[in-house]
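Each residue of the sequence shown is one higher than the one before, starting from 0 at the first, in numbering that gives the first Met the number 0. The C-beta atom is built at its ideal place from N, Cα and C for all residues, glycine as well. Below is one structure, written out as structure tokens; the observations come after it.
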Amino acid sequence: MGVSFLSTLPSLLPLAHDPPPTTTIRHHRRLVPICCYDKIKTNLHVSDEGHFSLKRRDVLQSLGMTIGLELVGSSGSLGTANAADLIQRRQRSEFQSKIKGTLFAAIKANPDLIPSLLTLALNDAVTYDKATKSGGPNGSVRLSSEISRPENKGLSGALSLIEEAKKEIDSYSKAGPISYADLIQYAAQSAVKSTFIASAIRKCGGNVEKGNLLYTAYGSNGQWGLFDKQFGRADTQDPDPEGRVPLWEKASVQEMKDKFSAVGLGPRQLAVLSAFIGPDQAATEALLASDKDVAPWVEKYQRSRETVSQTDYEVDLITTFTKLSTLGQQINYEAYTYAPPKIDITKLKL
């Protein structure tokens, strides 16, 4: 039996804060002087035949200046739209960073809830029904009539962690409360990343500094880009229909395969999400390995987890989890953005 994903949980307690991405790309603005057309000095060259030509440098300079002035002199709608888009992206990115910090701290203090956080995210998502385009990761699992269902037994502790984190997040949100739909999926993301880092620490003999360095250098932090972009799910106010989520601990492999197939996932995705199906990943994988369709993938990911970088496992898990976390959802890409404070230009010192 290969190394279990969740077997690294005891190593989570001494973790430092979520490490930053390995590479930061900085864009530096250049100040470009603006001059009037009548001050452009253009060098003309007269040939022996009396024809004149412009230096390439002068042509490019004039052309660039013309385009620039046309943009400045236009209505400004395009430039304004682009500027607003950049501001919104920055606002969402900054908000996400604070959310992850809050969740990481909460999970660090309650590592025993990691399996429940993963299952909570799974159960909220697999209510999706392709035929009716209903259900999915819409936060319905938070509702008392749904969290009390048999398939969600034992998940109330994870929901309580999310509710407490939500109070803190809403207190510093500048654009209204975060949705449970988003927060449930982001809590699972933080749980996954925490366990990835814990695995790296374990491979470094428990050395936290070396483990964080290993994950930073060889881990999957950069693979989360698409997941982070899908930020803006709306909460439903009604519970999803009953009977859409299996009792995972009692379900046969075929029942699990059927459920995953119903939401557009296959044996490969079932194997890679084994840690989401109940608290004992090793037991789940032993069951999944009894099926000829799932067994090859279980073995593949067990081997991958034994490697230094466990790339195959991490990348496939992130890819699958990203798809799972958006089933049937319309993402509002302007969610959590707000109008920037107005600047009184009359008070600026030029």
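| Three-state class that DSSP yields for S133 in the structure shown | strand
| Through-space distance from K166 to T336, alpha-carbon basis | Rounded to whole angstroms, the separation of the alpha carbons of K166 and T336 is 19 Å.
| Any heavy atom of the ligand ADP closer than 6 Å to the CB of S133? | Of ligands this structure carries none, so the ligand ADP is not represented either.
| task | Taking T321 and F230 to be in contact with their CB atoms under 8 Å, please state how far apart those CB atoms are, rounded to whole angstroms. | result | The pair is not a contact, with the Cβ atoms about 12 Å apart (cut-off 8 Å).
| Is F103 buried or exposed, if buried means 16 or more other CB atoms sit within 10 Å of its CB? | buried
| task | Say whether the segment 297-304 touches the segment 132-147, bearing in mind that this needs 3 or more beta-carbon pairs closer than 8 Å, one atom from each stretch. | result | Counting C-beta pairs with one atom in each stretch, the segment 297-304 and the segment 132-147 have fewer than three that are closer than 8 Å, which means they do not touch.
| field | Closest by C-alpha distance to D111, when choosing among G153, K129 and R88 | value | G153
| task | Confirm, please, whether the CB-CB distance from Q95 to R232 is below 7 Å. | result | no
| query | Name the DSSP beta bridge partners of D128, please? | reply | S133
| message | Which of the three DSSP states is assigned to L347 in this structure? | response | coil
| field | Bounding residues of the alpha helix (DSSP H) (the contiguous stretch that carries R141) | value | Here R141 belongs to no alpha helix (DSSP H), and DSSP marks it neither H nor E.
| query | Do you know offhand how far F275's Cα is from I113's? | reply | Answer to the nearest angstrom: the Cα atoms are 9 Å apart.
| query | Beta carbon of Q184, beta carbon of S324: below 7 Å? | reply | Result yes, Cβ atoms of Q184 and S324 sit closer than 7 Å.
| said: Let's see if you can read the secondary structure: which residues bound the alpha helix (DSSP H) around T325? | reply: No alpha helix (DSSP H) contains T325, which DSSP labels as neither H nor E.
| message | Between P238 and L142, how many whole angstroms is the CB-CB distance? I'm expecting something under 8 Å. | response | 5 Å
| message | Do A174 and A105 count as a contact pair if the criterion is CB distance below 7 Å? | response | no
| request: Using a threshold of 7 Å, state whether the C-beta atoms of S189 and K99 are closer than that. | output: yes
| Collapsed DSSP secondary structure at T235 in the structure displayed | coil
| said: Looking only at its chain, what residues have a beta carbon closer than 6 Å to the beta carbon of T101, apart from the 5 residues adjacent to it on each side? | reply: A164, E167 and I168
| message | Taking the straight line between their C-alpha atoms, what separation do you get for S74 and D292? | response | Here the model assigns S74 a pLDDT of 45, short of 50, so the residue's position is not dependable and the matter cannot be decided.
| query | Would E150 pass as a contact of V244 if the rule is Cβ separation under 7 Å? | reply | yes
| Who are the near neighbours of P20 in its chain, counting only those whose CB is closer than 7 Å to its CB and skipping five residues on each side? | Legend: pLDDT at P20 = 38, less than 50; position of this residue unreliable, value from coordinates given subsequently. Sequence-distant partners of P20 (beyond 5 residues in either direction) whose C-beta falls short of 7 Å from its own C-beta, in its chain, are N220 and G221.
| Hey, out of S308, I317 and Q309, whose CA is closest to L272's CA? | I317
| field | Between the CA atoms of R91 and A334 - distance to the nearest angstrom | value | 8 Å
| message | On the criterion of 16 or more Cβ atoms from any shown chain inside 10 Å, does L11 qualify as buried, or is it exposed? | response | Note that L11 scores a pLDDT of 41, beneath 50, so its modelled location is shaky; the value from the coordinates is reported in the next line. Classification of L11: buried, given that the 10 Å Cβ count is 16 or more.
| field | Cα-Cα separation, R201 to P340 | value | 47 Å
| field | As assigned by DSSP and simplified to three states, the class of N81 | value | helix
| The alpha helix (DSSP H) spanning W296 covers which residue range? | Residues A294 to R304.
| field | Closest Cα partner of P266 within the set A288, E162, A250 and E248 | value | A288
| query | Which two residues bound the contiguous alpha helix (DSSP H) that contains R267? | reply | P266 to V271
| Close-in-space but distant-in-sequence residues of the same chain around F259 (CB under 7 Å, 5 per side omitted) | G265, Q268 and L269
| When DSSP labels each residue in this structure, what does E333 get in the three-state scheme? | coil
| query | Going by the beta-carbon positions, is the gap between S178 and D234 smaller than 7 Å? | reply | In terms of Cβ geometry, S178 and D234 form a close pair [threshold 7 Å].
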